[in-house]
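Be aware that the sequence shown starts at 358, since it is given in this note's numbering, and climbs by one per residue.
Backbone N, C-alpha and C define an ideal beta-carbon position, used for all residues, glycine too.
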Amino acid sequence: MKRKVLLIYTGGTIGMEKDYETGSLRAFDFGNIFQKLPEMRLIECEVSVHPFKKPLDSSDMGPQEWKLIANYIGKNYDNYDGFLILHGTDTMSYTASALSFMLKNLKKPVVLTGSQLPIGDLRTDAKENLLTSLYYASLYENDEAVIQEVTVYFEYKLLRGNRTLKYSAEYFDAYQTPNYPVLGQSGVHLNIEKDFLWRSKSDHGFKVDDHISRDVLFWRIFPGMHVEHLLEMPKMKVLILQVFGSGTIFNSLQTKQILQKLRDRGTEIVVVSQCVSGGVSFGKYSNSNIFTQIDAISGHDMTAESSITKAMHLLDNPKYKGTFAELFAKNICGEITVG
Ligand code: ASP
Numbered sequence: 358m359k360r361k362v363l364l365i366y367t368g369g370t371i372g373m374e375k376d377y378e379t380g381s382l383r384a385f386d387f388g389n390i391f392q393k394l395p396e397m398r399l400i401e402c403e404v405s406v407h408p409f410k411k412p413l414d415s416s417d418m419g420p421q422e423w424k425l426i427a428n429y430i431g432k433n434y435d436n437y438d439g440f441l442i443l444h445g446t447d448t449m450s451y452t453a454s455a456l457s458f459m460l461k462n463l464k465k466p467v468v469l470t471g472s473q474l475p476i477g478d479l480r481t482d483a484k485e486n487l488l489t490s491l492y493y494a495s496l497y498e499n500d501e502a503v504i505q506e507v508t509v510y511f512e513y514k515l516l517r518g519n520r521t522l523k524y525s526a527e528y529f530d531a532y533q534t535p536n537y538p539v540l541g542q543s544g545v546h547l548n549i550e551k552d553f554l555w556r557s558k559s560d561h562g563f564k565v566d567d568h569i570s571r572d573v574l575f576w577r578i579f580p581g582m583h584v585e586h587l588l589e590m591p592k593m594k595v596l597i598l599q600v601f602g603s604g605t606i607f608n609s610l611q612t613k614q615i616l617q618k619l620r621d622r623g624t625e626i627v628v629v630s631q632c633v634s635g636g637v638s639f640g641k642y643s644n645s646n647i648f649t650q651i652d653a654i655s656g657h658d659m660t661a662e663s664s665i666t667k668a669m670h671l672l673d674n675p676k677y678k679g680t681f682a683e684l685f686a687k688n689i690c691g692e693i694t695v696g
């Protein structure tokens, strides 16, 4: 049976071609993708292409586009077996994380991919990324989708979307999930690590919850920083503090008083690590005690992208019951290692 895949093209390098006369890059008409990439017809699936009206550099993508994509998938969920999103690489991890929270009880594959070189470039990585992503987006076994979560496929690796980070602006191998194993690898065979795949435990059916609040701020601390500057910032509902190592910060009374003041103003403080591998562990060093004292929330081993989009999704979300701290601590869709 031929599986049906909906390909949503949002923009980014992958949709560009080089004008060999001028040497500059231009977006090409994605409606013509089958002419550009006739190999696509050889894959055992039926592809429908839905391009954004105006292709975007992914630095121009945000909540509005995340909602658009989530709702478009929602509208077409029953008519397709899988979804492939072509996206600029710069903010792909944010979109993948946001979508993972918005698409509830997913039972079908959602794969995001992009490329470092334009599809029309001789040495492009776009072809492999796109073609193999199509395979993964249409992979079924016994009439059940093998992938039932939001993933990123890039340079031979299938990764959990909300665990990814873009770590290279240079190499084809641009994404990593330092705190989660690779879900699949493309070599001679397309391999899948079934034990690591996400399965929703909910009995409810698929639905979209596109709630996003923007009252979230992210701040990286650094040696010598004026902690009092934190009080000069506009009142925000959530402050994500990216702190040192396994969750340490300046062990001074002033730091504690300032963070307590923020808490008294009603700001939730989430703590994540500046290390991309490993995570926050309150109590390991005395320099993390302040966080326990002010009832800060541990982001454990979450990526910055995931902690930001998770906070945006949970904050003031009428569909969730419980305090922000309780909700944030939970593992919603494989984004955090807890318990
Ligand atoms: N600036 C581009 C983007 O993120 C980079 C890329 O696609 O690789 O849209």
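Checklist line | Coil, strand or helix - E527 by DSSP | finding: The answer is coil: DSSP assigns E527 none of H, G, I, E or B.
Item checked: Endpoints, beta strand (DSSP E) assigned at I442 -> First-last of the beta strand (DSSP E) with I442: 439-443.
Checklist line | Cβ-based burial, Q392 [other Cβ within 10 Å; buried from 16] | finding: It is exposed - the Cβ of Q392 has fewer than 16 other Cβ atoms within 10 Å.
Note to self: Using C-beta distances below 6 Å, list every residue in its chain close to P412, excluding the 5 sequence neighbours before and after it, in chain order.
What the structure shows: Contacts found: G368, G372, A384.
Check: Quick one: is V627 buried, meaning 16 or more other Cβ sit within 10 Å of its Cβ, or exposed?
Finding: Buried is the call here.
Next item on the list: Tell me, to the nearest whole angstrom, how far the beta carbon of V362 is from that of G439; I am working on the premise that it is less than 8 Å.
Entry: The Cβ separation is near 5 Å, so the contact holds.
Note to self: Quick check: is the beta carbon of I400 nearer than 8 Å to any beta carbon in chain C?
What the structure shows: Among the chains in the structure shown there is no chain C, since it carries only a single protein chain.
Next item on the list: Quick one: using the 10 Å Cβ neighbour count with 16 as the cut-off for buried, is S655 buried or exposed?
Entry: Buried, because 16 or more other Cβ atoms sit within 10 Å of the Cβ of S655.
Checklist line | Secondary structure, beta strand (DSSP E): runs of 3+ residues fully inside the region 399-474 | finding: Within the region 399-474, the complete beta strand (DSSP E) runs of at least 3 residues are 402-408, 439-443, 467-470.
Notebook entry, point to check: Start and end of the alpha helix (DSSP H) containing Y513?
Noted result: Run containing Y513: none; DSSP gives neither H nor E here.
Checklist line | Secondary structure of M582, DSSP reduced to three states | finding: Per DSSP, reduced to three states, the secondary structure at M582 is coil, with no helix or strand assignment.
Next item on the list: Taking L479 as part of the beta strand (DSSP E), name the residues at either end of that continuous run.
Entry: Neither: L479 is in no beta strand (DSSP E) and is coded neither H nor E.
Next item on the list: Rank K465, N608, T470, I400 by C-alpha distance to the C-alpha of T649 and give the top, closest one.
Entry: Selected option, being the one with the closest Cα: N608.
Check: Going by Cα to Cα distance, which pick from I606, P408, S557, M590 is closest to A653?
Finding: Of the listed residues, the one whose Cα sits closest to A653 is I606.
Notebook entry, point to check: Can you give the beta carbon distance from V565 to G604, rounded, assuming they're within the 8 Å contact cut?
Noted result: Not really, about 34 Å apart at Cβ, beyond 8 Å.
Next item on the list: State the Cα-Cα distance for the pair G471 and S663, rounded to the nearest angstrom.
Entry: So the alpha carbons of these two residues sit roughly 19 Å apart.
Next item on the list: Would you kindly work out how many angstroms separate the C-alpha atoms of T446 and P408, rounded to a whole number?
Entry: So the alpha carbons of these two residues sit roughly 17 Å apart.
Next item on the list: Could you have a look at M669 and say whether DSSP puts it in helix, strand or coil?
Entry: Note: M669 maps to helix in three-state DSSP.
Next item on the list: Report all residues from its chain with a CB closer than 8 Å to the CB of I615; omit the five preceding and five following residues, and keep chain order.
Entry: V584, E585, L587, L588.
Notebook entry, point to check: Does the Cβ-Cβ distance between V503 and G518 come in under 8 Å?
Noted result: No, the Cβ-Cβ distance between V503 and G518 is not below 8 Å.
Margin query: Considering only DSSP beta bridges, list what S609 is partnered with.
Written below: Answer by DSSP bridge pairing: none, since S609 is not bridged.
Margin query: I believe I430 touches L469 by the beta-carbon criterion, under 8 Å. Please report the beta-carbon distance rounded to the nearest angstrom.
Written below: At roughly 12 Å, the Cβ-Cβ gap does not stay under 8 Å, so I430 and L469 are not in contact.
Note to self: On the DSSP letters alone, give me the boundaries of the beta strand (DSSP E) that F575 sits inside.
What the structure shows: It spans 573-577 - the beta strand (DSSP E) in which F575 sits, taken as one unbroken run.
Next item on the list: Check whether the Cβ of Q473 sits closer than 7 Å to any heavy atom of the ligand ASP, and report yes or no.
Entry: Yes, since a heavy atom of the ligand ASP falls inside the 7 Å radius drawn around the Cβ of Q473.
Notebook entry, point to check: Excluding the five sequence neighbours on either side, which residues of its own chain have a C-beta within less than 8 Å of the C-beta of L382, listed in chain order?
Noted result: T370, M373, E374, K375, D376, P475.
Notebook entry, point to check: Relative to the alpha-carbon of D500, which residue among K465, A682, P675 has its alpha-carbon at the smallest distance?
Noted result: The residue with the shortest Cα to Cα distance from D500 is K465.
Checklist line | Reduced DSSP secondary structure (H/G/I, E/B, other) of Y532 | finding: Residue state, collapsed to three classes: strand.
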